[in-house]
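J.:
Number of protein chains: 2
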Amino acid sequence: MMMQVPLTVGSILEHAEKFFPKKEVISQTHDKLHRVNYGEIGQRTRRLMSVLHELGIQNGDRVGTLAWNHHRHLEIYFAAPGMGAVLHTINIRLSPEHIIYIINHAEDKVLFIDEDILPLIEKIKDHLTTVEAFVVMTDKAELPESNLTPLYSYEEILTTGDPTYEFISDIDENEPAGMCYTSATTGNPKGVVYSHRGIVLHSYALGLADTAAISESDVSMPVVPQFHVNAWGTPFACTWFGTTQVMPGPRFTPKRLAEFIEKYKVTITAGVPTIWLGLLREIEQGDYDMSSLRAVLCGGSAAPLGLIKAFEEKHKIPFYHAYGATETTPLVTLSRLKSYQQDLSAEEKLKERARQGILVPGLEMKVVGDNGEIEWNGKDMGELLLRGPWIASEYYKDERTEQAFVDGWFHTGDVVTVDEEGTIQIVDRTKDLIKSGGEWISSVEIENAIMTHEAIFEASVVAIPDEEWQERPIACVVLHEEFKDKVNKEDILEFLRPQFAKWWLPDDVLFMEEIPKTSVGKFLKRQLREQVKAHYSLQD
Amino acid sequence: MMMQVPLTVGSILEHAEKFFPKKEVISQTHDKLHRVNYGEIGQRTRRLMSVLHELGIQNGDRVGTLAWNHHRHLEIYFAAPGMGAVLHTINIRLSPEHIIYIINHAEDKVLFIDEDILPLIEKIKDHLTTVEAFVVMTDKAELPESNLTPLYSYEEILTTGDPTYEFISDIDENEPAGMCYTSATTGNPKGVVYSHRGIVLHSYALGLADTAAISESDVSMPVVPQFHVNAWGTPFACTWFGTTQVMPGPRFTPKRLAEFIEKYKVTITAGVPTIWLGLLREIEQGDYDMSSLRAVLCGGSAAPLGLIKAFEEKHKIPFYHAYGATETTPLVTLSRLKSYQQDLSAEEKLKERARQGILVPGLEMKVVGDNGEIEWNGKDMGELLLRGPWIASEYYKDERTEQAFVDGWFHTGDVVTVDEEGTIQIVDRTKDLIKSGGEWISSVEIENAIMTHEAIFEASVVAIPDEEWQERPIACVVLHEEFKDKVNKEDILEFLRPQFAKWWLPDDVLFMEEIPKTSVGKFLKRQLREQVKAHYSLQD
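Residue numbers (the numbering used here), protein chains in the order written: chain A, 1 to 540; chain B, 1001 to 1540.
(1) Can you give me the C-alpha to C-alpha distance between Lys-1349 (chain B) and Arg-1355 (chain B), rounded to a whole angstrom?
(2) Of the residues that make up the region 1226 to 1241 of chain B, which ones have a beta carbon closer than 8 Å to any beta carbon in chain A?
(3) Check whether the region 177 to 193 of chain A touches the region 209 to 219 of chain A, counting contact only when three or more Cβ pairs, one atom from each stretch, lie closer than 8 Å.
(4) Considering just the uninterrupted stretch of the beta strand (DSSP E) at Gly-56 (chain A), what are its terminal residues?
(5) Return the residue from the list A:Val-51, A:Leu-505 and A:Ala-213 that minimises the CA-CA distance to Gly-161 (chain A).
(6) Does the beta-carbon of Met-1512 (chain B), which I'm using as the reference point, lie nearer than 7 Å to any heavy atom of the ligand GDP?
(7) I want to see whether chain B comes within less than 8 Å of His-321 (chain A), judged by CB atoms only; does it?
(8) When the distance is taken between beta carbons, is Tyr-320 (chain A) closer than 8 Å to Gln-339 (chain A)?
(9) For Gly-39 (chain A), which residues of its own chain have a beta-carbon under 8 Å away from its beta-carbon, when the five flanking residues on both sides are left out?
(10) Which of the three DSSP states is assigned to Ser-153 (chain A) in this structure?
(11) For Asp-428 (chain A) versus Val-418 (chain A), is the C-beta distance shorter than 8 Å?
(12) Nearest CA to the CA of Ala-1449 (chain B): which residue from B:Leu-1307, B:Thr-1244 and B:Ile-1103?
(13) How is the alpha helix (DSSP H) around Arg-256 (chain A) delimited, first residue to last?
(14) What residue ranges within the region 1076 to 1147 of chain B form continuous beta strand (DSSP E) runs of no fewer than 3 residues, ordered along the chain?
(15) For Val-1296 (chain B), count neighbouring C-beta atoms within 10 Å of its own C-beta (all shown protein chains included) and say buried if the count is 16 or more, exposed if not.
(16) What residue from B:Val-1135, B:Glu-1530 and B:Val-1478 has the CA that sits closest to Gly-1509 (chain B)'s CA?
(17) Is it the case that the Cβ atoms of Val-63 (chain A) and Lys-125 (chain A) are separated by a distance below 8 Å?
(18) Got a sec: is the Cβ-Cβ distance from Ser-393 (chain A) to anything in chain E below 8 Å?
(19) Can you tell me where the beta strand (DSSP E) with Tyr-1320 (chain B) in it begins and where it stops?
(20) Assign Thr-253 (chain A) to one of two classes, buried (16 or more other C-beta atoms within 10 Å of its C-beta) or exposed (fewer than that).
(21) Counting contacts by CB-CB distance shorter than 8 Å, is Glu-1156 (chain B) in contact with chain A?
(22) Could you have a look at Tyr-1340 (chain B) and say whether DSSP puts it in helix, strand or coil?
(23) Identify whether Val-5 (chain A) lies in helix, strand or coil by the three-state DSSP scheme.
(24) Can you find at least 3 beta carbon pairs, one from the region 383 to 392 of chain A and one from the region 312 to 330 of chain A, that sit closer than 8 Å?
(25) Compute the Euclidean distance between the alpha carbons of Ala-463 (chain A) and Pro-473 (chain A), then round it to the nearest angstrom.
(26) Which complete beta strand (DSSP E) runs does the region 1329 to 1414 of chain B hold, if anything under 3 residues is left out?
(27) Going by the beta-carbon positions, is the gap between Phe-236 (chain A) and Pro-248 (chain A) smaller than 8 Å?
(28) Looking at C-beta atoms only, is the number of pairs between the region 1042 to 1056 of chain B and the region 1156 to 1170 of chain B that lie closer than 8 Å three or more?
(29) Can you give me the start and stop residues for the alpha helix (DSSP H) that Ser-1195 (chain B) sits inside?
(30) Please compile the residues from chain A whose C-beta is within a distance smaller than 7 Å of the C-beta of His-1015 (chain B).
(31) Going by beta carbon distance, what residues of the same chain come within less than 7 Å of His-15 (chain A), once the five residues before and after it are set aside?
(32) So, helix, strand or coil for Ser-217 (chain A), using DSSP?
(33) State the beta-bridge partners of Gln-1470 (chain B) as determined by DSSP.
(34) Applying a beta-carbon distance threshold of less than 7 Å, which residues of chain A neighbour Ala-1213 (chain B)?
(35) Is the region 1073 to 1091 of chain B close to the region 1222 to 1236 of chain B, with three or more CB pairs under 8 Å?
(36) Counting only beta-carbon atoms, is Glu-383 (chain A) nearer than 8 Å to chain B?
Dropping the structure here:
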């Protein structure tokens, strides 16, 4: 038989230490730009593991991080699971109440904190019930003044560590390696626990020629935060494959992203549509060389067709639509044309590329509508159900588990169509679908159509209760500055009319200054729906 | 936590059925060329699973194949493990005695046999102790005359099968999925058992951008036989990723290979150096368009530098040196330049490419010499030890296990150097190293040097006992036809002198008509050594 060797996160960095010691991570922190290679990162991570050991961290204990994307954060990515503990990345954009909740709920024992995030933790420190030590990740020689105690300096504590400390190897690969909380529509965030096995298999998936094809020859810049589903797992995969990584650090701007892409010849980058809208504006104003980019990965929410078109056709930057969630480690689908689809017209290709793509090898999917599994005809809608070794089986100690994990499948809450090629398109969230006269209307499809109008900066469509039809769609739109007061409701409806059945057209178009969003840039439809109902003085 | 979903071979074909149903396998059998797509292969495989079930095959039972590379063989690749049985591919080039041994030792219950191999089995049938049924894979409507009983026709029996039969999913991924016997230097062949887990992880490894990068857009032609380490696992990986496969069928010639590459625009192909020497001669004589080829994978034994040079420089065909063994599923290393090695001179690049490459992600290696682990300096020699989920932990029911599997590591018996980049070079087999005056001489390095001489067709270097030095090298060479009688011993030694220390030079050069080889084209050094000793009338 074959050897029983567990898949472990530590083995990823060990591989990089041995085969790519000279390859670098270029990392922007508050005070300076760092260049550290995988040989050094290996040594520093080993020191950090021994420090965690000295701090009393034991197998299965949670190590929290409140940090931007940088090399120190990367080191904790490997040190925590590498010595048997669990990396808990905390979304710094959550409310203080939610941050208190998840630190206590995860029972974090140590917190690693970026200097600019210290004040946030100082304010809530009295509410933290399990934290025994704080480590500030600073470039400065001296510790900042703080009421946190005990407080250590990352670099100083590292000097006390053992650079020969060994990665744990005799563990069950199904043991926890990481965790991340995802915001819920109502109530507290829900925790997802990542296993060693899941992270390693997911890293393979990211390296496949037909997915992200992450390679030693790449220069990867994760824009998606390391506190958000492990920056989509790219830091793990990139380290394994010896890829140069460029970490944009704290509070980056579109300008810094564009400059880093040009300066470090970034080949692959990953983020949400909002980021790419910002970058697009930046590169259209400035004079940047973006020619090194071979792949912009876009996920988190559906990218408007216009955005994809601008990247691909105008700027010749390959743009890949992907789909995933905190519960899915996250890569589930990625949009790439099959070889025989290269013969399609430019327009058809773009349409296909705007879909979310096909399932990556290693997962299973099922799409279930009102009458069981739907047909793969590109029209029928159903909820996407997922199964596989990097799909969560539960929320961590949370009774909401039973709503989302049923009969061995994760119920994503996303409504999709699937075409004959097996390509999915996210049509809506189950809860955002509009039920009008017994039929379903996809709020997302109307949004996407509206967003192709030149005057529109962003748009969101929500349902309001309707006596006759049960629900009816209302469009909420934000105009580009130069179109303010120059476009009216009828213009928008006129624009939509040729594209949809009459009963799909919104009953009204509301012009707004801003659409409310979550901390990761997704439309906060629940809040928008309340605003719209208030506008019409409606009640549930 | 994450879901507990096993990695199974069946799920590979299920993925292809769903996402690549239209992609084809082009398959040459005795009588005709077949084109079957993955949708059809899925249905046929399901029928075959139900047929195996009807034949009484149960979980863990072995299903033997004696067949060339074609679509039916591919279907059994999935049907046997897909229904819980074990695919046992039998090397048809072994002696009848060894074939009897391994069929009985594996306890095969059914044999799937190509029509032209029937006579071989008819001759040995009375020695087979466990086989209960024979299936002949023929295109003809009628069964051939045969003394095998019961004998079924593959296509006929398939019509009785159930096209909706389900792949087994509730199994332990560490259960056996396949097995293959490797010839031993002495005694009977040794069996290696492949697990579902190992095959799936190995398939991921083959799809990585930095290894074989197998993609949906590829057209893959496995020349390495399906009876030899699962054609290096490419049929599994290619099916998973939706790759078009071109199966060259029985008794192919270099001409057929060249024609298939041109006709079907083959992009990737895999085989041993002997095959590529043959193809090289063919394309240098004929007028073929080889421009579709993006990768020729070469393994099994070290490729001469001249061969690599001819493919890469003369014909502009990228040539990848790889290393593996029956015990390793087989991919262990693959030679690709790192990004920063692109700056090397053409000569240095070629030299680097001629090494066997770096370890693929997911495995561990250790190189042990007389004084423990060697330094990675490109000079020190040691035996390559391997560990990982697709490395065997034993030989199947064989006491020779304890020689090769020690302390959790597979001792490959291959002597290598490792350079600063972690790139290995196979220097010799431990048993073929020449120990002269307390130092080691690599027979392989001298062979490689001799083979770059224009007059040499092939060369092998072996040791003879020596009273003063313990052992001394003797070179055995075969000249190209046009150089016969035009090159002598002194010419060869003169050619070698600038390249080696004086004491490395062979004591003699013997001119031969042929060097004895194994059934898979490797030099049979043991036999050669006997011939050489007989030549000098020496005894051990």
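For glycine and all other residues, C-beta sits at the position ideal for the given N, C-alpha and C.
T.: Working from what's here:
(1) 10 Å
(2) The residues in question are Trp-1240 and Phe-1241.
(3) Per the Cβ contact rule, the region 177 to 193 of chain A is not in contact with the region 209 to 219 of chain A (fewer than 3 Cβ pairs under 8 Å).
(4) Per DSSP, Gly-56 (chain A) belongs to no beta strand (DSSP E) and is neither H nor E.
(5) A:Val-51
(6) The ligand GDP is absent from the structure shown, which contains no ligands of any kind.
(7) no
(8) Here the sequence assigns Ser to residue 339 (chain A), which means Gln is not the residue at that position. No.
(9) Glu-17, Pro-21 and Lys-22
(10) If DSSP states are grouped into helix, strand and coil, Ser-153 (chain A) belongs with the strands.
(11) no
(12) B:Leu-1307
(13) Segment 254 to 264, the alpha helix (DSSP H) holding Arg-256 (chain A).
(14) 1086 to 1089, 1108 to 1114 and 1133 to 1137
(15) buried
(16) Sequence check: residue 1509 (chain B) is Val here, not Gly. Selected option, being the one with the closest Cα: B:Val-1478.
(17) No, these two residues do not count as a Cβ contact at 8 Å.
(18) Protein chains A and B are contained in the structure displayed, whereas chain E is not.
(19) 1319 to 1324
(20) exposed
(21) no
(22) helix
(23) The answer is coil: DSSP assigns Val-5 (chain A) none of H, G, I, E or B.
(24) yes
(25) If I take the Cα positions, the gap works out to 5 Å.
(26) 1331 to 1334, 1364 to 1369 and 1382 to 1387
(27) no
(28) yes
(29) Run containing Ser-1195 (chain B): none in the alpha helix (DSSP H); it sits in the beta strand (DSSP E), 1190 to 1195.
(30) Under a criterion of Cβ atoms nearer than 7 Å, the residues of chain A adjacent to His-1015 (chain B) are, in order, Pro-361.
(31) Trp-240
(32) coil
(33) B:Ser-1436 and B:Asp-1466
(34) Ala-209
(35) Yes: at least three Cβ pairs fall under 8 Å.
(36) no
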